[in-house]
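Notes follow once the structure below has been shown.
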Amino acid sequence: MSRARQAKQRVRTARGRPVASTRWLERQLNDPYVHRARDEGYRARSAFKLLEIDAKHKILKPGRKVCDLGAAPGSWAQVCARKGLKVVGLDTEPVEPFAGCTFLEGDFRDEAVRNRLRAVLDGRADLILSDMAAAATGQRLVDRLRAEQLAELVLSFADEVLAEDGDVLIKLVRGAEPAARAAALPRFRNVQFVRPPATRKASSEMFLLARGHRATAEAPARA
Ligand SMILES: C[S@@+](CC[C@H](N)C(=O)[O-])C[C@H]1O[C@@H](n2cnc3c(N)ncnc32)[C@H](O)[C@@H]1O
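Read left to right, the sequence shown gives residues 1097 to 1319 (my numbering).
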């Protein structure tokens, strides 16, 4: 890393620029993961969260088909594609496409959108990633309940599309762990929580990593 980067950069509060954006800008300028993302051609620093989780838990296995929920701007899909994995991504926002990935636009909470996603997945995923997060309200209870509901929805979607022995990684906020664990335990052989080093210190996020999907009558067999 260059010396210019090592020296902490301060951003002057410009007239008209809210204090929050000045702080955001200062944080971006001084965040080594932001610089690495730019240097390595990733669309977002969150690429490193997935890379760190994979370095430890080896979830991005060759040949896997990945369902990437909350895919925009596309850095997790980039990580998967660089490892040669096929990705079907979904987001309410458009994602600029690239080779090896198919992106759909829509809200995962909408059943019609999940039906479209299931059709594009052609019935099967080996790994479901969910980096989705509802916009924070600042009310801890509301944010926790929303995260729990979204996690529950991802786990029921896994019942329908995830292959036997498949894995799921779901972003949560602090406090949502007990409900998410209770929902995941009957469906997976191993359930744990991970917080990769790239997660910002002040953030309350962590990930549920559920491995070894137990087949149900609904779940598709591995092709
Ligand atoms: C932190 S970003 C994901 C970053 C992405 N993993 C990457 O590495 O580029 C969270 C994304 O989740 C999306 N999202 C949140 N709720 C969603 C929902 N209900 N359905 C689809 N996408 C959703 C947001 O639009 C946002 O783009």
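By construction, the Cβ of each residue, glycine as well, lies at the ideal position given by its N, Cα and C atoms. Values in this document were obtained by computation on a predicted structure and should not be read as measured data.
For residue i, which residues of its own chain have a beta-carbon under 7 Å away from its beta-carbon, when the five flanking residues on both sides are left out?
i, result
"Tyr-1138", "Ser-1171, Gln-1174"
"Lys-1145", "Pro-1292, Ala-1294, Thr-1295"
"Arg-1240", "Val-1269, Gly-1271, Ala-1272"
Is DSSP giving residue i helix, strand or coil here?
i, result
"Asn-1286", "strand"
"Ser-1300", "coil"
"Asp-1255", "helix"
"Val-1071", "Residue 1071 is absent from the structure shown; the chain starts at 1097 and stops at 1319."
"Leu-1186", "strand"
With distances taken between CB atoms, is the gap from residue i to residue j smaller than 8 Å?
i, j, result
"Asp-1127", "Arg-1141", "yes"
"Arg-1160", "Leu-1181", "yes"
"Leu-1186", "Ala-1167", "yes"
"Val-1162", "Leu-1246", "no"
"Leu-1304", "Ala-1280", "yes"
"Arg-1220", "Val-1257", "yes"
"Ala-1208", "Gly-1196", "no"
"Leu-1251", "Phe-1204", "no"
Could you check if residue i is buried or exposed, using at least 16 other CB atoms within 10 Å of its CB as the buried criterion?
i, result
"Ala-1231", "exposed"
"Asp-1206", "exposed"
"Ala-1319", "Caution applies to Ala-1319, whose pLDDT of 49 falls short of 50 and renders its modelled position unreliable; the value that the coordinates give is listed next. It is exposed - the Cβ of Ala-1319 has fewer than 16 other Cβ atoms within 10 Å."
"Leu-1237", "exposed"
"Glu-1136", "exposed"
Looking only at its own chain, which residues have a Cβ that is under 6 Å from the Cβ of residue i, when we skip the five neighbours before and after it?
i, result
"Asp-1222", "Arg-1160, Lys-1161, Ala-1259, Gly-1262"
"Ala-1243", "Leu-1268, Val-1269, Ala-1272"
"Ile-1266", "Ser-1226, Ala-1247, Val-1250, Leu-1304"
Suppose the cutoff is 8 Å on Cβ atoms and the five residues either side in sequence are ignored; what does the same chain contact list for residue i look like?
i, result
"Pro-1190", "Ala-1168, Phe-1199, Glu-1201"
Complete runs of the alpha helix (DSSP H) confined to the segment 1124-1184 [at least 4 residues]
1128-1136, 1143-1153, 1171-1178
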